[in-house]
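What follows is one structure encoded as C-alpha cells, with my remarks underneath.
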Ligand SMILES: [Fe+2]
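Residue numbers (the working numbering): 1 to 306.
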C-alpha cells in the first residue's frame with residue numbers, strides 16, 4: 001500500500017482583512033488594498049505550495065469551535081457563503097470546496113483510537129468558518145486541491161493549557177498516521193495568529209495602514225522572540241516557552257493548530273522560513289513554512305518511485 005507523507009507545514013493565519021485587501025471575486029466587500037506585507041508573504045508561500053504539488057491540504061481552524069470533541073468535515077463538496085461574525089463589513093465570501101472524505105475519516109478513526117472524542121461532520125449545508133476559508137484562500141486561491149477541515153475543540157480553554165495542548169499533540173499524531181496509511185502527499189496549515197491583543201475599534205477606512213501597528217510592545221517582543229527561535233529551528237525551546245507565550249501574549253496558538261501541526265510533523269528541529277510578518281488590528285501574524293522536502297525529511301518516496 002502507498003506510504004503517504006507530510007511534505008510541509010505552514011503557519012497560515014486567517015485575518016479576514018487579508019482577503020478583503022486582495023479583492024477576490026468571491027468576497028462581496030471591496031477595498032482599496034491594505035495589509036500588503038502579509039498578502040505578499042502569502043504570495044511567496046503560494047509559490048512554495050505550488051512546487052510541492054500536494055494531494056490534499058489539511059487545516060485546523062480556531063473559528064470552527066466544537067464544544068465536544070474534535071470534528072472533521074465529512075461531506076465531499078461544500079458550498080455557500082461564509083461571513084465573519086466580528087467583521088461582516090469585510091468578509092462575506094462565497095466558497096466552493098472539495099473535501100478528501102476518505103482521509104478525514106481515517107484521521108477521525110485514528111483520533112478515536114488514541115482516546116480522543118472525534119466525530120465526522122455530515123451536514124451538507126454546513127457553513128464553513130471564516131478561519132478555514134481565509135487560510136485556504138490565502139495559500140491556494142485556485143481552490144483546486146481537496147481539503148480536510150478540522151475543528152478546534154475547546155479543550156485548552158476548559159482544561160489547563162498544557163492538558164488541552166496534549167490533546168492537540170495526540171490529534172497531530174493521529175493525523176500523521178492517517179496520511180501515511182492513505183498514501184496522501186499532504187500539506188498542513190496551522191491557522192493561527194501569534195500575539196492576539198487587538199484594538200477594539202477599527203479606523204473609518206479599515207485599510208488605512210497609517211493606523212495599523214502592533215497593539216503593544218510586549219506582545220511584539222514576544223512574537224519576535226518566538227519567530228527568531230522558529231527561524232533557528234529551535235523547536236524544543238519554542239514548545240517549552242509556548243504556555244508562557246500563550247499566557248502573556250494572549251496568543252491564538254492556544255487553540256491548538258500550531259501544536260497539532262508540529263506533532264504531526266514530529267517536532268522537526270529545522271529552521272522555519274519566514275515569508276513575512278505584519279499586524280492586523282494590532283495582532284501579530286507570521287506566514288511561515290517548514291518544508292520537510294527541502295530539509296530531506298520527506299519526498300524520498302517520490303524520488304525513488306520516479
Ligand atoms: Fe482568529
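Virtual Cβ for every residue (Gly too), placed ideally from N, Cα, C.
Would the C-beta of residue i count as close to ligand 1, meaning under 7 angstroms from any of its heavy atoms?
i, result
"residue 135", "no"
"residue 193", "yes"
"residue 62", "yes"
"residue 51", "no"
"residue 202", "no"
"residue 14", "yes"
"residue 167", "no"
"residue 43", "no"
"residue 131", "yes"
If you draw a straight line from the C-alpha of residue i to the C-alpha of residue j, how long is it?
i, j, result
"residue 137", "residue 282", "22 angstroms"
"residue 211", "residue 203", "7 angstroms"
"residue 279", "residue 170", "31 angstroms"
"residue 232", "residue 239", "14 angstroms"
"residue 176", "residue 205", "43 angstroms"
"residue 165", "residue 22", "33 angstroms"
"residue 142", "residue 54", "14 angstroms"
"residue 18", "residue 218", "24 angstroms"
"residue 310", "residue 144", "Outside the shown range of the chain, which is 1 to 306, sits residue 310, and nothing can be said about it."
"residue 270", "residue 11", "14 angstroms"
"residue 199", "residue 45", "27 angstroms"
"residue 58", "residue 179", "10 angstroms"
"residue 86", "residue 237", "34 angstroms"
"residue 266", "residue 128", "29 angstroms"
"residue 370", "residue 167", "This structure does not reach residue 370, given that the chain is present from 1 up to 306, and the question cannot be answered."
"residue 133", "residue 83", "10 angstroms"
"residue 50", "residue 290", "15 angstroms"
"residue 174", "residue 208", "43 angstroms"
"residue 214", "residue 220", "6 angstroms"
"residue 104", "residue 73", "7 angstroms"
Would you give the residue range spanned by the beta strand (DSSP E) that residue i belongs to?
i, result
"residue 98", "92-98"
"residue 152", "147-153"
"residue 267", "Neither: residue 267 is in no beta strand (DSSP E) and is coded neither H nor E."
"residue 193", "It is not in any beta strand (DSSP E) - residue 193 carries neither H nor E in the DSSP assignment."
What span of residues does the alpha helix (DSSP H) with residue i cover, start to end?
i, result
"residue 56", "Segment 56-66 is the beta strand (DSSP E) holding residue 56; no alpha helix (DSSP H) there."
"residue 349", "Past the boundaries of the shown model lies residue 349; the chain is included only from 1 to 306, so the question cannot be answered."
"residue 51", "36-52"
"residue 210", "Per DSSP, residue 210 belongs to no alpha helix (DSSP H) and is neither H nor E."
"residue 222", "217-231"
Under 7 angstroms: does the beta carbon of residue i sit that close to some heavy atom of ligand 2?
i, result
"residue 85", "Ligands displayed in this structure: ligand 1; ligand 2 is not among them."
Does the beta carbon of residue i sit closer than 8 angstroms to a beta carbon anywhere in chain D?
i, result
"residue 216", "Of the protein chains in the structure, only one exists, and it is not chain D."
Open item on the list: Does the contact criterion of 3 or more C-beta pairs under 8 angstroms hold for the stretch 149-157 versus the stretch 59-70?
Closed with: Touching, yes.
Margin query: Quick test of the definition: if touching needs 3 or more C-beta pairs under 8 angstroms, does the stretch 184-203 touch the stretch 259-274?
Written below: Yes, since at least three Cβ pairs between the stretch 184-203 and the stretch 259-274 fall closer than 8 angstroms, the two stretches touch.
TODO: Mind listing, in chain order, the continuous alpha helix (DSSP H) runs of no fewer than 4 residues lying wholly within the stretch 68-139?
DONE: Taking only runs of at least 4 residues, the alpha helix (DSSP H) segments lying wholly in the stretch 68-139 are 101-113 and 130-139.
Given 8 angstroms, three or more beta-carbon pairs between the stretch 33-41 and the stretch 96-116:
No contact exists between the stretch 33-41 and the stretch 96-116.
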